[in-house]
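Take a look at the structure set out below.
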Amino acid sequence: MRPSRNRAWGHPILKTFLEDLAQTMRDEGFAGVLVGDMSQPRGGPMKTGHRSHQSGLDADLWFRAAPDYQLSRDERQKWSAYSVVAKGWPPQVNEKFDDRVARLIQLAAWDHRTARVFVAAVIKKELCEMAPPGNRAWLRKVRPWYGHKDHLHVRLKCPVGTISCIDQKPPPPGDGCGKAMAFWFKPAPKPVKPVKPKKPVKKKPRKEVMLSQLPDACTTILKAPAG
Ligand SMILES: [Zn+2]
10 MRPSRNRAWG
20 HPILKTFLED
30 LAQTMRDEGF
40 AGVLVGDMSQ
50 PRGGPMKTGH
60 RSHQSGLDAD
70 LWFRAAPDYQ
80 LSRDERQKWS
90 AYSVVAKGWP
100 PQVNEKFDDR
110 VARLIQLAAW
120 DHRTARVFVA
130 AVIKKELCEM
140 APPGNRAWLR
150 KVRPWYGHKD
160 HLHVRLKCPV
170 GTISCIDQKP
180 PPPGDGCGKA
190 MAFWFKPAPK
200 PVKPVKPKKP
210 VKKKPRKEVM
220 LSQLPDACTT
230 ILKAPAG
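The numbering of the sequence shown is the numbering used here, which starts it at 10 and goes up by one.
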């Protein structure tokens, strides 16, 4: 999507991964995947954030459903992603979060080439609630992160045999649900009462210097007729 951004570059392993994922989605009756940012040619740097999209192993996948036809370049440029998270507190997914979105995240996380999949915390929470007891191992790779309401961010493991690529530590053991998510669902802090401005400290009135207190010489000058 958004071809003018010129961020459709990546390691061959990423290209294969995305093609495989899109094919699996099609095999399951969905119409492929809309791929957002990958990397710029030769990595980066990028002007606006996205420091992670520089190794050629990261890609954003839109939650928006792909159509059942080939998008034109113009459509790919003009289409926008849509959020699957409702506005307001407490966080909730909206009606656009459906089985297809859940399946896309699951398939991305399931793949042995994937290191992590980042989604909004409330999306992970929803997946935690949906996943049956015997099928939760993939949740470990699904990590809550800021943003990511309209796309997931997939990061692949370093390709075998590359020296310059260093894998992150794997996510902590377990599915990362429940207590591990508490941080993301703390109620918003109450607005802080505005601090009353301090009363201005009254300055002691400056003592007027009386003529009588001045040295005699000064008194003479002051008493002298003008001119
Ligand atoms: Zn991203």
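Virtual Cβ for every residue (Gly too), placed ideally from N, Cα, C.
Does the Cβ of P153 have 16 or more other Cβ atoms within 10 Å, making it buried, or fewer, making it exposed?
-> Here residue 153 is taken as the residue at index 144 of the sequence shown, counted from 1. When all chains shown are included, P153 counts as buried.
Hey, out of E28, K166, V151, whose CA is closest to A189's CA?
-> By one-based count along the sequence shown, residue 189 stands at place 180. It is V151.
Whose CB is closer than 5 Å to a heavy atom of ligand 1? List the residues in chain order.
-> D69, H162
CB of S92 within 7 Å of CB of K158, strictly | Position 83 of the sequence shown, counted from the start, is the residue given in the question as residue 92. Position 149 of the sequence shown, counted from the start, is the residue given in the question as residue 158. Result yes, Cβ atoms of S92 and K158 sit closer than 7 Å.
How about G19 and G65: do their beta carbons lie closer than 7 Å?
-> By one-based count along the sequence shown, residue 19 stands at place 10. By one-based count along the sequence shown, residue 65 stands at place 56. Cβ atoms of G19 and G65: closer than 7 Å.
By Cβ distance below 8 Å, which residues in the same chain neighbour A40 in space, the five residues on each side in sequence not counted?
-> As a first step, residue 40 must be located in the sequence shown, where it is residue number 31. Here the set comprises M34, A74, A75, P76, D77.
In the DSSP assignment, what residue or residues form a beta bridge with G156?
-> Along the sequence shown, one-based indexing puts residue 156 at 147. Answer by DSSP bridge pairing: none, since G156 is not bridged.
Please state if the CB of Q86 and the CB of A95 are separated by a distance shorter than 7 Å.
-> Within the sequence shown, the letter at position 86 stands for residue 95. Within the sequence shown, the letter at position 77 stands for residue 86. Not a contact, by the Cβ cut-off of 7 Å.
Hey, could you find the ends of the beta strand (DSSP E) A124 is sitting in?
-> For the purposes of this step, residue 124 is taken as the residue at position 115 of the sequence shown. Unbroken beta strand (DSSP E) run through A124: 123-128.
If you draw a straight line from the alpha carbon of M47 to that of K105, how long is it in whole angstroms?
-> Translated into the one-based positions of the sequence shown, residue 47 becomes position 38. Translated into the one-based positions of the sequence shown, residue 105 becomes position 96. Straight-line Cα distance between these residues: approximately 24 Å.
So, using beta-carbon positions, are L70 and V42 closer together than 7 Å?
-> Indexing the sequence shown from 1 puts residue 70 at position 61. Indexing the sequence shown from 1 puts residue 42 at position 33. In this structure, V42 lies closer than 7 Å to L70 by Cβ.
Rounded to the nearest angstrom, how far is the Cβ of D176 from that of C186, given a contact under 8 Å?
-> As a first step, residue 176 is located in the sequence shown; it is residue number 167 there, counting from the start. As a first step, residue 186 is located in the sequence shown; it is residue number 177 there, counting from the start. Contact doesn't hold; Cβ gap of about 24 Å is too wide.
Which term fits Q115, buried or exposed, when burial requires 16 or more other beta carbons within 10 angstroms of its beta carbon?
-> The residue given as residue 115 occupies position 106 in the sequence shown. That one is buried.
If you draw a straight line from the alpha carbon of C137 to that of C174, how long is it in whole angstroms?
-> Position 128 of the sequence shown holds residue 137. Position 165 of the sequence shown holds residue 174. Using only the alpha carbons, I get a separation of about 31 Å.
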